[in-house]
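Listed in order, the protein sequences are those of chains A and B.
Just so we're aligned: the first sequence equals residues 176 to 289 in my numbering.
Just so we're aligned: the second sequence equals residues 176 to 289 in my numbering.
Working notes, beginning with the structure itself.
2 protein chains.
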Amino acid sequence: MDFSQDLIRGSIVPIVLALLEERAMYGYEIVKVVNARTNGRLEWKEGTLYPALHRLEGDGLISSRWADAPADEAPGRKRKYYAVTRKGKAERKRRAREWEQFSTAVSAILLGGA
Amino acid sequence: MDFSQDLIRGSIVPIVLALLEERAMYGYEIVKVVNARTNGRLEWKEGTLYPALHRLEGDGLISSRWADAPADEAPGRKRKYYAVTRKGKAERKRRAREWEQFSTAVSAILLGGA
DNA sequence: TTGCATACCTCGCCAGCCGATGTATCATAT
DNA sequence: ATATGATACATCGGCTGGCGAGGTATGCAA
């Protein structure tokens, strides 16, 4: 849906943390889930997500674990599953609050509010 | 309130267009108005706004006009007033819609939605 | 065996925020 | 007189980070 990429920035981290707090996921899956959950309004690219995941892991907000894909899904494939750390959970809360504040402030101006 | 700068990005253009469609304003004023209107939740910097204004003017979305400040406000001062062009008004509508779509999509994930 | 989906990854380009810094004017306080 | 601070404009360089393009490897279907 072609949002200006600048809008995309800033939303990546909070979204990844929120999804991973629901359940552990692997990178490729995250891309698909985000695109599906937003009905294609957000179109994440792998070139965006993977570096972001590595940054988050480097910051200790998420952790990774290699595992085999379930036999009934994709037998023989290796996947790198990410989960949120304790530190990441705190950050996620902070970011969600931040988003709420921010989107409220912007909407107030944009959607005709004093 | 210290939003990650990435969040700030992308909101600058639509906000400037929205404010200038209300009435013509000068740069310094825009900074103050945004900060006031959002109760300090957004803290715009001049180093951010002025280049943005120049970009917008370069893109033909806004136009500028030097004028003296009213005598009862700041006598003897020059101000550069900006107004939205016709092209800018169209872009503003597009951006407002974009923001609505985007914030809906992000909120759906962040604030516990399927 | 060609193609496509899955699944991971890196690299370089470039857009743009912001701290720092600079200019000039005017009002106020010392 | 002089310093301070608000007003009002501006630029510059550092750094961050999205994304297009490209790469590797596997499994499955046509």
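Idealized CB from N, CA, C, for every residue including glycine.
Check: Does the Cβ of TRP241 of chain B have 16 or more other Cβ atoms within 10 Å, making it buried, or fewer, making it exposed?
Finding: exposed
Notebook entry, point to check: ARG261 of chain A lies in the alpha helix (DSSP H); which residues open and close that run?
Noted result: 261 to 285
Note to self: Looking only at its chain, what residues have a beta carbon closer than 7 Å to the beta carbon of VAL206 of chain B, apart from the 5 residues adjacent to it on each side?
What the structure shows: TRP219, GLU221 and LEU224
Next item on the list: Check whether the region 244 to 262 of chain A touches the region 183 to 199 of chain B, taking contact to mean three or more Cβ pairs, one atom from each stretch, closer than 8 Å.
Entry: no
Note to self: When you compare the CB of VAL281 of chain A with every CB in chain B, is at least one pair closer than 7 Å?
What the structure shows: yes
Next item on the list: Taking 8 Å as the threshold, find out whether the region 244 to 263 of chain A comes into contact with the region 196 to 212 of chain A through three or more Cβ pairs.
Entry: yes
Checklist line | Partners in chain A for ALA258 of chain B, counting only beta-carbon separations shorter than 9 Å | finding: Under the 9 Å cutoff, chain A gives no residues; its nearest Cβ is about 17 Å from ALA258 of chain B.
Check: Does any residue of chain A bring its CB to less than 7 Å from the CB of ILE284 of chain B?
Finding: yes
Notebook entry, point to check: Of all the CB atoms in chain B, is at least one closer than 7 Å to the CB of PRO226 of chain A?
Noted result: no
Item checked: C-alpha distance - MET176 of chain A paired with SER238 of chain A, whole-angstrom precision -> Confidence in MET176 of chain A is poor, its pLDDT being 38 and thus under 50, which makes the residue's placement too unreliable to answer from.
Check: What is the DSSP secondary structure of ASP234 of chain B, reduced to helix, strand or coil?
Finding: coil
Next item on the list: May I have the straight-line CA-CA distance separating ARG216 of chain B from SER278 of chain A, to the nearest angstrom?
Entry: 10 Å
Check: Between which two residues does the alpha helix (DSSP H) carrying MET210 of chain A extend?
Finding: The amino acid occupying residue 210 of chain A in the given sequence is Asn; Met does not appear at that position. ASN210 of chain A -> alpha helix (DSSP H) spans 202 to 212.
Notebook entry, point to check: GLU266 of chain A: buried (16+ other C-beta within 10 angstroms of its C-beta) or exposed?
Noted result: buried
Notebook entry, point to check: Taking 7 Å as the CB-CB cut-off, is GLY185 of chain B touching chain A?
Noted result: yes
Notebook entry, point to check: Is TRP241 of chain B close to chain A, meaning its C-beta is less than 7 Å from at least one C-beta of that chain?
Noted result: no
Note to self: Any C-beta of chain A within less than 7 Å: which residues of the region 201 to 232 of chain B qualify?
What the structure shows: ARG212, THR213, ARG216 and LEU217
Note to self: If you follow the alpha helix (DSSP H) that LEU217 of chain A is in, where does it begin and where does it stop?
What the structure shows: No alpha helix (DSSP H) contains LEU217 of chain A, which DSSP labels as neither H nor E.
Notebook entry, point to check: In three-state terms, what does DSSP make of ASP243 of chain B?
Noted result: strand
Margin query: Does the CB of ASP247 of chain B have a neighbour CB from chain A at under 7 Å?
Written below: no
Check: Should ILE237 of chain B be flagged as near chain A, meaning a C-beta pair shorter than 7 Å?
Finding: no
Next item on the list: For the alpha helix (DSSP H) containing GLU197 of chain B, list its first residue and its last residue.
Entry: 187 to 197
Next item on the list: Could you work out which residue in B:ILE284, B:LYS262, B:GLY233 and B:ALA271 is closest to SER282 of chain A when comparing CA atoms only?
Entry: B:ALA271
Check: Name the chain B residues that come within less than 7 Å of ALA193 of chain A, Cβ to Cβ?
Finding: ILE284 and LEU285
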